[in-house]
Amino acid sequence: MARPVTVLCVGDVFGEPGRRAVQALLPKLRKQHEVDVAVVNIENAAGGFGVTPQIARATFECGADVLTSGNHIWDKKEIVEYIVKENLLLRPANFPPGTPGVGSAVVKAGPHKVAVLNLMGRVFLPATDCPFRKADEEIERLRQETALIVVDCHCEATSESQAMGWYLDGRVSAVVGTHRHVQTADERLLPQGTAYITDLGMTGPVDSVIGVDPQLAIGRFLSQMHVRFEAAKGPAALHGALIRIDPDTGRALSIERLSVPAPA
Ligand SMILES: [Fe+2]
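Here it is, written out as structure tokens:
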């Protein structure tokens with residue numbers, strides 16, 4: 220068998236602590252695990268809400284090949300102009316037709332190609348087109364170029380993520396979840412060869428409520444009033460998964476969860 224293709228998927232980068240973790244750890248992890256393609260979900264990288272062109276560029280420079288996103292992609296308005304020109308920063312493919320940007324990309328991995336597809340769920344999230352039918356459409360098109368396809372499925376409901384995993388089993392190499400900011404311990408290979416994890420977890424501040432300063436989050440719960448959220452400070456960690464894929468078939472060989480503390 221040919222040397223496996225290794226894809227590193229990094230979960231939602233949150234605020235300055237998340238960016239610090241990526242800057243410190245992504246180059247090292249690439250080397251340590253001989254990563255061919257790194258996919259980083261970036262939608263919370265700017266103070267927890269959205270991403271700026273400057274942050275996107277810095278993340279590419281430290282080793283990301285493709286950036287994915289979700290419901291927060293438009294929080295920083297300057298990203299609209301950037302995403303039109305930068306096809307490796309994805310927004311969910313099932314956003315309405317005519318939305319700026321694209322929802323999938325194909326990148327080189329040595330002699331092979333890896334496609335990355337970004338989808339967003341519809342349960343407890345803003346309305347979008349059907350992610351399942353959009354997946355059918357996109358996968359049919361992408362498979363003409365490569366059988367190595369990694370899907371970032373940005374969902375709130377665990378059931379929607381699991382349904383997508385089973386729906387795409389055997390048609391893509393991996394379905395990884397993002398958005399919840401808490402890593403799930405359910406990584407596995409599905410029967411037809413798709414690697415699956417409900418959520419990669421967050422890359423950001425450890426002492427937080429899904430990235431936010433705990434006192435601010437508690438304040439909102441107690442008062443039921445709008446409290447302006449800020450990213451928590453302190454130690455950070457990178458969460459994600461390493462997926463090894465057989466380049467001859469596109470089937471996943473393994474999936475391994477990562478939880479790596481960032482240096483202080
Ligand atoms: Fe999200």
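Note that the sequence shown ends on residue 483 in this note's numbering; no numbers are left out.
Glycine included, C-beta positions come from ideal geometry on N, C-alpha and C.
Residue from the options with nearest C-alpha to residue i
{"i": "Val224", "options": "Ser478, Arg238, Arg470 and Val479", "result": "Arg470"}
{"i": "Leu387", "options": "Thr403, Leu367 and Lys304", "result": "Leu367"}
{"i": "Glu364", "options": "Val333, Leu435, Gly234 and Val479", "result": "Val333"}
{"i": "Phe448", "options": "Thr468, Ser427 and Ile462", "result": "Ser427"}
{"i": "Lys353", "options": "Asp405, Pro315 and Ser380", "result": "Pro315"}
{"i": "Thr377", "options": "Thr271, Ile416 and Val369", "result": "Ile416"}
Through-space distance from residue j to residue i, alpha-carbon basis
{"i": "Val325", "j": "Gly269", "result": "23 Å"}
{"i": "Trp293", "j": "Gly423", "result": "20 Å"}
{"i": "Ala240", "j": "Ile274", "result": "13 Å"}
{"i": "Gly289", "j": "Pro311", "result": "6 Å"}
{"i": "Ile474", "j": "Leu338", "result": "20 Å"}
{"i": "Asp418", "j": "Glu280", "result": "25 Å"}
{"i": "Gly329", "j": "Asp255", "result": "8 Å"}
{"i": "Phe343", "j": "His373", "result": "11 Å"}
{"i": "Leu457", "j": "Arg360", "result": "32 Å"}
{"i": "Val259", "j": "Ala265", "result": "14 Å"}
{"i": "Val232", "j": "Arg238", "result": "6 Å"}
{"i": "Ser323", "j": "Glu357", "result": "8 Å"}
{"i": "Pro350", "j": "Pro482", "result": "37 Å"}
{"i": "Tyr301", "j": "Arg276", "result": "10 Å"}
{"i": "Glu305", "j": "Val391", "result": "24 Å"}
{"i": "Gly389", "j": "Leu408", "result": "10 Å"}
{"i": "Cys228", "j": "Pro433", "result": "27 Å"}
{"i": "Ile437", "j": "Val479", "result": "27 Å"}
{"i": "Val335", "j": "Lys327", "result": "11 Å"}
Heavy atom of ligand 1 within 6 Å of residue i beta-carbon
{"i": "Asn313", "result": "no"}
Those residues which DSSP pairs with residue i across a bridge
{"i": "Lys332", "result": "Lys327"}
{"i": "Ala373", "result": "Looking at the sequence itself, residue 373 is His, so the reference to Ala does not match. Per DSSP, Met339 and Thr397."}
{"i": "Thr468", "result": "The partner list for Thr468 (beta bridge, DSSP) is empty, contrary to what the question assumes."}
{"i": "Pro480", "result": "Ala456"}
{"i": "Cys349", "result": "Bridge partners of Cys349: none, in fact."}
{"i": "Thr225", "result": "Arg463"}
Q) Residues with a Cβ closer than 6 Å to any heavy atom of ligand 1, in chain order? A) Working through the chain, the matches are Glu262, Gly289, Asn290, His291, His373 and His398.
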